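>
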Amino acid sequence: MIPTMTLQQLKETTQKSREAFRQTDIAQCLQQYRKNTPLTAEQRRQVMSDVHSRFSDVEAHLRENYPALTDEDVELCLLSALHYPNSAVADCLAVSEEAVRVRKHRMKAKLPREVQGVFWEERAGARLLKTLFMKDTMQNVWRRFPLAVVWLVLLTAYAIWLCWAKAPSDDNPAFLMSSGQRAALVYGLGMALVLATTLKLWGEEVRHPSWCRWVALAAFLLLAADTVWLLTHPDAIERTETIVARLSLIVALATAFFYAPFFREKDDLPVWNFTWRTFLWFCISFLTGGILTAGLLMLLSSFRYLFGLHVSEHWYLTLTVVTLLTTPVLLFLARIPEGDEKHDGVAVVSKYLIFVIRYLFVPLLALYLIVLYVYGIRILVRWELPDGGVGWLVSVLMVGCVVVELGLYPLMRSGEAKPFEHWIVRWLPVLILPLLLLMTVGIARRLSDYGITPLRLYLLTFNLWCYAVCIGLFVGRARRIRWIMTSLAAVFLLTSVLPVNFTSVSLRTRRHKLGRLIENTLPATLPMDGEAMGAWITSLDDSCRKQVWDELDFLLDTDRRSVADLTTVKHMYPFDLPSYGENSGMSTIDYSAQGPFALPEGYGQFHDERFTYFDTEEKDAVKVTPDGFWIERPNAENPPFHREKTDSILCDRR
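Under the numbering used here, the first residue of the sequence shown carries the number 706, and numbering increases by one thereafter.
(1) Less than 7 Å between the C-beta atoms of Thr960 and Ala1173, yes or no?
(2) Does DSSP classify Met882 as helix, strand or coil?
(3) Nearest-angstrom Cα distance between Leu857 and Val933?
(4) Roughly how far, in whole angstroms, is the beta-carbon of Gly1093 from the beta-carbon of Thr1032, given that I think they are within contact range, below 8 Å?
(5) Can you tell me whether DSSP reads Met710 as helix, strand or coil?
(6) With burial defined as no fewer than 16 other Cβ atoms inside 10 Å of the residue's Cβ, what is the status of Val1034: buried or exposed?
(7) Around the C-beta of Asn978, are 16 or more other C-beta atoms found within 10 angstroms, so that it is buried, or is it exposed?
(8) Between Leu1102 and Ile1137, which are expected to be in contact by the criterion C-beta below 8 Å, what is the C-beta distance as a whole number of angstroms?
(9) So, are the CB atoms of Pro1068 and Leu1143 less than 7 Å apart?
(10) Would the beta-carbon of Leu1212 fall within 7 Å of that of Ser1248?
(11) Report the start-end ranges of each alpha helix (DSSP H) in the stretch 880-939 that is 4 residues or longer and not cut off at the edges.
(12) For the stretch 900-920 against the stretch 861-869, do three or more pairs of beta-carbon atoms, one drawn from each stretch, fall closer than 8 Å, so that the two count as touching?
(13) Since Leu1140 and Gly1081 are thought to touch, with beta carbons under 8 Å apart, how far apart are those beta carbons, to the nearest angstrom?
(14) Return the residue from the list Leu1036, Lys971, Pro1204 and His788 that minimises the CA-CA distance to Cys988.
(15) Who does Leu1272 pair with in a DSSP beta bridge?
(16) May I have the straight-line CA-CA distance separating Thr947 from Val1205, to the nearest angstrom?
(17) Are there 16 or more other CB atoms within 10 angstroms of the CB of Phe726, so buried, or fewer, so exposed?
(18) Tell me the start and end of each unbroken alpha helix (DSSP H) in the stretch 1035-1096 that is at least 4 residues and wholly inside, in chain order.
(19) Output needed for Cys917: all residues of its chain with C-beta closer than 6 Å, excluding positions within five of it in sequence on either side, in chain order.
(20) For Asp762, which of helix, strand or coil comes out of DSSP?
(21) I believe Val1130 touches Ala1183 by the beta-carbon criterion, under 8 Å. Please report the beta-carbon distance rounded to the nearest angstrom.
(22) Compute the Euclidean distance between the alpha carbons of Leu715 and Pro790, then round it to the nearest angstrom.
(23) Look at the Cβ atom of Pro939, then the Cβ atom of Gly1000, and state whether they are nearer than 7 Å.
(24) Closest to Lys721 by C-alpha separation, out of Thr745, Val823 and Ser801, would be which residue?
(25) Determine the DSSP secondary structure at Thr1200, reduced to helix, strand or coil.
(26) For Pro1228, which of helix, strand or coil comes out of DSSP?
(27) Between the alpha carbons of Ser990 and Leu1030, how many angstroms are there, rounded?
(28) In whole angstroms, what separates the C-alpha of Phe1066 from that of Val1109?
(29) Given that a residue counts as buried once 16 or more other Cβ atoms are within 10 Å of its Cβ, and exposed if not, what is Ala901?
(30) Between Cys1106, Val1146, Phe1125 and Ser1055, which lies nearest to Trp1088 when the distance is taken from Cα to Cα?
(31) Mark Lys905 as exposed unless 16 or more other C-beta atoms lie within 10 angstroms of its C-beta, in which case mark it buried.
(32) Looking at Leu1002 and Phe1008, is the spacing between their C-beta atoms short of 7 Å?
(33) In the DSSP assignment, the alpha helix (DSSP H) including Gln1252 goes from what residue to what residue?
(34) Please list the terminal residues of the continuous alpha helix (DSSP H) segment that includes Thr1145.
(35) Buried or exposed, going by whether 16 or more other CB atoms sit within 10 Å of the CB of Gln713?
(36) I need the straight-line Cα distance from Ala793 to Ala746, nearest angstrom please.
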């Protein structure tokens, strides 16, 4: 007679049996299992023999206390206690993964809920708490992602350093760098963290480790060169071309994070499962960090009200960095799937996701379709061109279509989809195709009326990509989905980082157009300052003035170097134009020198770029430093206002 174990004894015995099994050679064989290389019959027999041997006490307890369990049920309980994915369990039982799912569902009616937790992993909330308080979490993260942890520590240290840096007037070394250089360093450290994680996930699938080391070395050298270039060219961070190129690199690296580890997979279900679980854990980790941050900041602020202790704002910022950056990233790294869980090919159907798609996304997309088709019929009847803004509505509709196709993918593969879902997946891309033509005409009209800009070129490229996606989904019947996001990231990267990209093409085209507009009208002295620029623009005829203004405004905002030979002005402001009246004009003031700021007579508002920052009313004193200007207010409740330095600001006549 086997003595009955308590629930705690059953947990401890099962845990010891699991640890003993994981030390065996056959456990290593099961750990390396992949769906495309299933275990042989002999390997399955050895696994089951070893499982029965290691879990003998647990098996005896189950058979004695739960006679409703069949032999197959007991074997499934023991295999599930190993916490391997369904694919490995199904292979050991020589049945389908669907059969394992059905057996687990039936078995839950035969076992008490508290006993079920011994053999199956806890839900997401319990796993999160286990990750938070598990003593070996940091050890596991360091074992798997050592380089990523190093970059995370460096990023955290740099962020804390900035938190404790003093004001610019104190000549603190942290502020010897400009804002562009600080942004470049944050970009480099953040990208290094993501790159290290992505390379590790990819390297786990590479058969030759030396390849991984050389690829990692080359990737980090390129990133280092890019970061150094940004540090030595801090003004580049203000140029549209630089920002878009780095954004495309970030998107490409984020896409590689999810898809690079599965380059050997012939099925997209493991990709979908990995992406879905990783995305959920990313959200949970940072939500946990946000709750932790809010709670600790409230606790810290309570010291002032309860005990009269004043806590420096530096401590608030430091705590925010640790709890809102470091802690969530560590939690996220700890929960990235590994081994067989990473390559789980079971069709995981989220009831919540399916509910949202069925009753929220699909009806919303139906309304978009109805509105856009009615608009299309209207312009056909009137025989007029569509408005350029229609492209944004079609883009939103296309994004919704991609979300629906991706969200329904596991449901379609599970065989549980209803005819409605089959119809949506099959025909939604076809219904969008005519609207894409409407979008194409609208973009063409926008380009014709207002000229070329990078955003319009990207929108046109997105439109062409949408054609390919809709046709590909219809022809391929949505059997493969990974190509959708990878192709989008590749197109964005290729049109942004090459020497000839959409931004450079737009700049050359608009600069050539400006050259034709201002031919034979330029003053003798170049480049023009703000006052000369205002006088020159005012001298142009009405038909030319607005076009010149628009071209200069675009070129200055995109890349000031493109018109450096014409003017020293950094932004276009509405000054000295007759339409603004005599008493509302603006003029440029230079404040590059240190010392008091002289307010011109008749002016009362200061502007930097496009924003009004303060009204003087003879109450504010302005102190200019090499790092910016400070506004000292006599009212103690209003702290000094600081704005980083630019070459000039504008004062507005009241």
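Where a beta carbon is used, it is the ideal one built from N, C-alpha and C, also for glycine.
All figures in this text were calculated on a predicted structure; none of them were measured in a lab.
The structure says:
(1) Not in contact: Thr960 and Ala1173 (Cβ atoms no closer than 7 Å).
(2) Three-state DSSP puts Met882 in coil, outside helix and strand.
(3) CA-CA distance, Leu857 to Val933, rounds to 19 Å.
(4) Between Thr1032 and Gly1093 the Cβ distance is about 46 Å, and since that is not below 8 Å, they are no contact.
(5) If DSSP states are grouped into helix, strand and coil, Met710 belongs with coil.
(6) Classified as buried, Val1034 has 16 or more neighbouring CB atoms from the shown chains inside 10 Å of its CB.
(7) With 16 or more Cβ atoms within 10 Å of its Cβ, Asn978 is classed as buried.
(8) Rounded to the nearest angstrom, the Cβ distance from Leu1102 to Ile1137 is 6 Å, consistent with a contact under 8 Å.
(9) In this structure, Pro1068 keeps its C-beta atom at 7 Å or more from the C-beta atom of Leu1143.
(10) In this structure, Leu1212 sits away from Ser1248, with a CB-CB distance that is not shorter than 7 Å.
(11) Entirely contained in the stretch 880-939, the alpha helix (DSSP H) runs reaching 4 residues are, in chain order, 884-908 and 914-937.
(12) No, they do not touch.
(13) The Cβ separation is near 7 Å, so the contact holds.
(14) Its Cα nearest to that of Cys988, the residue Leu1036 stands out among Leu1036, Lys971, Pro1204 and His788.
(15) In the sequence under discussion, the amino acid at residue 1272 is Thr, which differs from the Leu named in the question. In the DSSP output, where bridge partners are listed per residue, Thr1272 has Met1233.
(16) Take the alpha-carbon of Thr947 and the one of Val1205: they are about 13 Å apart.
(17) Classification of Phe726: buried, given that the 10 Å Cβ count is 16 or more.
(18) List check, alpha helix (DSSP H) in window: 1056-1061 and 1067-1087.
(19) Closer than 6 Å at Cβ, skipping near neighbours: Gly908 and Val911.
(20) Here Asp762 sits in helix by DSSP.
(21) Indeed they touch by this definition, with Cβ atoms about 5 Å apart.
(22) Looking at the two C-alpha atoms, the distance is approximately 22 Å.
(23) Going by C-beta atoms, Pro939 is not nearer than 7 Å to Gly1000.
(24) Closest option to Lys721, judged by alpha-carbon separation, among Thr745, Val823 and Ser801: Val823.
(25) Coil, per DSSP.
(26) In the structure shown, the three-state DSSP call for Pro1228 is coil.
(27) Rounded to the nearest angstrom, the two C-alpha atoms are 10 Å apart.
(28) If I take the Cα positions, the gap works out to 7 Å.
(29) The residue is buried, with at least 16 neighbouring Cβ atoms inside 10 Å.
(30) If we check each option's Cα against that of Trp1088, Val1146 comes out closest.
(31) By the C-beta density criterion, Lys905 is buried, having at least 16 other C-beta atoms within 10 angstroms.
(32) Leu1002 is positioned such that its CB atom lies no closer than 7 Å to that of Phe1008.
(33) For Gln1252, the uninterrupted alpha helix (DSSP H) run begins and ends at Asp1247 to Thr1263, by DSSP.
(34) Thr1145 -> alpha helix (DSSP H) spans Pro1124 to Tyr1155.
(35) That one is exposed.
(36) Cα to Cα, Ala793 sits roughly 13 Å from Ala746.
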